[in-house]
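In the numbering used here, the protein residues as written are 2 to 394.
Before any comments, here is the structure.
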Ligand SMILES: Cc1ncc(COP(=O)(O)O)c(C=O)c1O
């Protein structure tokens with residue numbers, strides 16, 4: 002008997018199985034809600050919400066007219082507000098119609114995939130990667146072309162990307178600042194990528210788009226610069242989310258933005274199709290209250306100094322213990338190689354001490370681990386000796 006579940010959902014499910022099992026049935030899942038664990042797994046909050054978030058949402062939850070909770074698309078006011086803010090932030094002249102409000106980066110990515118890709122088109126992305134690209138691409142009936150980032154610093158491997166591009170390639174995904182490695186790609190790397198995409202588009206007679214997934218854009222360490230790929234390659238779509246900077250991923254708000262450098266004919270075609278794509282995919286717009294609250298939310302951020310402090314504490318202890326840590330330039334993750342020995346054994350030894358990290362195997366990198374710096378200071382303090390102990394054992 003064939004399955005009642007569609008083939009594409011089954012393939013997405015198979016690609017997501019490791020993460021799902023980790024979340025719902027692993028040793029971590031059994032202890033996820035214990036109050037005394039040190040949880041470094043997902044980018045979730047482990048303290049009460051940041052100042053200003055609750056009041057911004059609460060204030061806009063009170064209706065001011067009868068349409069307050071009517072269907073909301075990309076409402077003009079937040080769209081115009083965002084166009085101004087994103088233009089200033091990225092040094093590009095976005096028009097309001099270039100910015101589609103979405104229910105976070107998840108929805109922005111899915112809308113982008115449906116906007117520019119047809120079933121069977123190929124998408125290139127680099128690994129290790131955020132573990133949802135693969136199931137999302139499979140759920141959209143797309144074909145994956147995965148390449149590896151180049152060690153030891155996990156740079157974009159432009160030769161590998163070029164080799165992976167073929168006549169069916171329609172999209173390349175770049176995630177900067179990068180989850181899980183914390184790398185931020187500089188202008189030189191992005192310009193070289195843009196050149197390559199331009200040449201490949203000409204060679205195959207078909208425009209290749211770039212999806213720049215930038216939800217961690219504002220989370221950068223040591224005053225690092227950020228260049229959006231949208232500033233160097235005109236056929237770029239940006240996915241953004243407030244879930245990271247506000248550390249409130251359950252309150253869905255983000256956008257999909259078209260590079261203003263894109264020729265107007267292409268940009269207009271995408272703008273025109275945006276509403277239908279968002280509607281047809283299941284009303285991918287943010288809730289009314291989050292749209293109204295956007296100007297206030299735009300001013301808020303998690304504490305970057307606290308993230309840097311945790312990064313430094315963990316980097317110091319882990320490095321001394323024999324972990325090979327890649328200092329993150331952005332995001333709120335720390336990516337590190339396990340010390341010598343069996344990674345599973347190390348993971349379990351940490352779990353024995355109530356310390357839970359994301360195993361790199363979930364991101365196709367079994368010799369690595371990812372530590373989320375969204376853990377509380379108390380969790381970090383309690384976990385530091387555990388990291389040292391398991392490395393020495
Ligand atoms: C690289 C990357 N892109 C997109 C997302 C989705 O963000 P959101 O859940 O805020 O939509 C995440 C979330 O972890 C991410 O790490």
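Think of the CB as a built atom: it goes at the ideal place given N, C-alpha and C, for glycine as much as any other residue.
Under the 10 Å beta carbon count, residue 94 is surrounded by fewer than 16 other beta carbons and is classified as exposed. Collapsing the DSSP output to three states places residue 82 in a helix. Judged by DSSP secondary structure, residue 360 falls within the beta strand (DSSP E) whose first and last residues are 356-360. For residue 175 against residue 213, the beta-carbon gap comes to about 5 Å, under 8 Å, which counts as contact. If you check the C-beta of residue 214 against ligand 1, you find a heavy atom less than 8 Å away. Assigned with DSSP and collapsed to three states, residue 349 falls in helix. In the structure shown, the three-state DSSP call for residue 239 is strand. For residue 257, the enclosing beta strand (DSSP E) stretches over residues 255-259. Residue 101: member of the beta strand (DSSP E) spanning 100-103, first to last residue. The C-beta of residue 138 has 16 or more other C-beta atoms within 10 Å across all chains shown, which makes the residue buried. Here the alpha carbon of residue 147 sits roughly 6 Å from the alpha carbon of residue 125. A distance below 6 Å between beta-carbons, with the five flanking residues on each side excluded, links residue 340 to the following residues of its chain, in chain order: 323, 324 and 392. Around the beta carbon of residue 347, 16 or more other beta carbons lie within 10 angstroms, which makes this residue buried. Residue 373 and residue 44 do touch by the CB rule: their CB atoms are close to 5 Å apart, below 8 Å. According to the DSSP secondary-structure assignment, residue 176 is paired through a beta bridge with 214. If you draw a straight line from the Cα of residue 351 to the Cα of residue 387, it comes to about 6 Å. Measuring C-alpha to C-alpha distances from residue 285 to each of 105, 195 and 60 identifies 105 as the nearest.
A straight-line Cα-Cα distance of about 7 Å links residue 225 and residue 330.
Counting other Cβ atoms within 10 Å of its Cβ, residue 269 stays below 16 and is therefore classed as exposed. Residue 127 sits in a strand when the DSSP states are folded into three classes.
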